[in-house]
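These notes are about the structure you will find just below.
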Amino acid sequence: FFLQEYIIYYFFAVISALLVFIWFYTHHRCRLRRNTNEAAASKTADALTMSVAVFFVELFFVIADWIGFYNIGTTRARIQLIDVSRVASLLALFYFFVLVLKKYRKIQEQYEEDREEIYNIPLTPDNIFQDLSLDPFKYYQRILVFVSQYILFTIYYSEFLDIVYNIKTQGIDTFEISRGNSWQGWIYYATATLIMMIYVTNNGFSKSFKDSTSFWGTVMAFHWDPKNESPYSNRLLITALLFFDTTVNIQMTIVIVVIVPFILSFGEEPVNFVLNLVAVLYIVELDDFPPAQHKPDPVYLHDGTSEPDDRTQEDEDVFNEHPER
20 FFLQEYIIYY FFAVISALLV FIWFYTHHRC RLRRNTNEAA ASKTADALTM SVAVFFVELF
80 FVIADWIGFY NIGTTRARIQ LIDVSRVASL LALFYFFVLV LKKYRKIQEQ YEEDREEIYN
140 IPLTPDNIFQ DLSLDPFKYY QRILVFVSQY ILFTIYYSEF LDIVYNIKTQ GIDTFEISRG
200 NSWQGWIYYA TATLIMMIYV TNNGFSKSFK DSTSFWGTVM AFHWDPKNES PYSNRLLITA
260 LLFFDTTVNI QMTIVIVVIV PFILSFGEEP VNFVLNLVAV LYIVELDDFP PAQHKPDPVY
320 LHDGTSEPDD RTQEDEDVFN EHPER
């Protein structure tokens, strides 16, 4: 067990170095040839790097699945997808908190006037867990959303464990992907991999990841700043929101992206493939802001609330009469 985890860690170390190279190369080419600005170049590099990362992880598991069991000394081992997903999510979570701590320390090292200027800048939340309003009803809604996502994820993950267990009981030494589903399962696996590559690109996972580290680093710096004297109860509630956010949008999301192609390769009917794919994406998007709310209200650190809606009844009437506006 430990040997195969070491191999997976080594693989991710190599892939991480390669992805860093791809990011810097893409960023440099965009700035040099296309004469794009920093934000656009970073966005392009992020999108390409994330899609390539998904491809490399799935390719790694295909190769490991083809190799099957191998011997290291007297130890007989096999790379399992459950270990790949676990290591990937833990490494991402570790990197997230490193960046949060880096942002926190950077703000804390500023002069008091500079820190106050940073705290006065409104923050844009990326999901409902980053809405720092501690209104009891809103907090209750966030807890319901998190519990619902966790239960749905657990149900889906248990299906994955059942598949793995059934394969183990059969004593299969070769391919586990699409076992008993022939070429149709491989088509499902390849299609699901492509969709996951598109998902992490269109969903802006890398941008959301970086924005979240900046968001939570600033929030932690503000509430743990002795000058602000944030109540202990507020700190505890905000820490719980941080736990909800990282659990759903880092750990769950990465695990789902990694295991979805494998699970869907066992689908029997094309319609079930489509339905299962849509359902699993719904799990990780349940905490997103409603589509109608194109831009969430900014979060003001000093009062811990969102900007109130100043739309009047007259504005509502005009909007209802002319919704195209």
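The opening position of the sequence shown corresponds to residue 20 in my numbering, with each subsequent residue numbered one higher.
We put the CB at the ideal spot given by N, CA and C, even for glycine.
Computed from a predicted structure; not experimentally measured.
query, result
"Any non-hydrogen atom of the ligand MG closer than 6 Å to Arg-48 Cβ", "Absent from the structure shown: the ligand MG. Ligands present: none."
"Residues bridged to Leu-78 [DSSP beta-bridge criterion]", "According to DSSP, which records beta bridges pairwise, Leu-78 is partnered with nothing at all."
"Local Cβ density within 10 Å of Asn-430, reported as buried at 16 or more and exposed below that", "Past the edges of the chain, shown from 20 to 344, lies residue 430, and the structure says nothing about it."
"Per-residue DSSP class, three states only, for Leu-153", "coil"
"The segment 120-134 touching the segment 226-240, judged by at least three CB pairs closer than 8 Å", "yes"
"Rounded C-alpha distance that separates Leu-142 from Leu-171", "30 Å"
"The segment 209-223 contacting the segment 71-82, beta-carbon criterion three pairs below 8 Å", "yes"
"Cβ neighbours of Tyr-29 in the same chain (closer than 7 Å, five flanking residues each side left out)", "none"
"Limits of the unbroken alpha helix (DSSP H) element including Pro-289", "289-304"
"Burial state of Trp-42 (16 or more Cβ within 10 Å)", "buried"
"Whole runs of the alpha helix (DSSP H) within the segment 248-280, excluding any shorter than 4 residues", "251-265"
"Distance between Ser-249 and Val-297 (C-alpha atoms, nearest Å)", "41 Å"
"Beta bridge counterpart(s) of Leu-67 as assigned by DSSP", "Partner(s): none; Leu-67 has no beta bridge."
"Given 8 Å, three or more beta-carbon pairs between the segment 200-216 and the segment 274-289", "yes"
"N-terminal and C-terminal residue of the alpha helix (DSSP H) that Gln-127 is part of", "100-127"
"Exposed unless 16 or more other CB atoms sit within 10 angstroms - verdict on Asp-154", "exposed"
"Through-space distance from Glu-195 to Val-279, alpha-carbon basis", "14 Å"
"Beta-carbon contacts of Phe-241 that lie in its chain and below 7 Å, excluding the five residues immediately before and after", "Tyr-138, Asn-247, Leu-320"
"Cβ-based burial, Ala-83 [other Cβ within 10 Å; buried from 16]", "buried"
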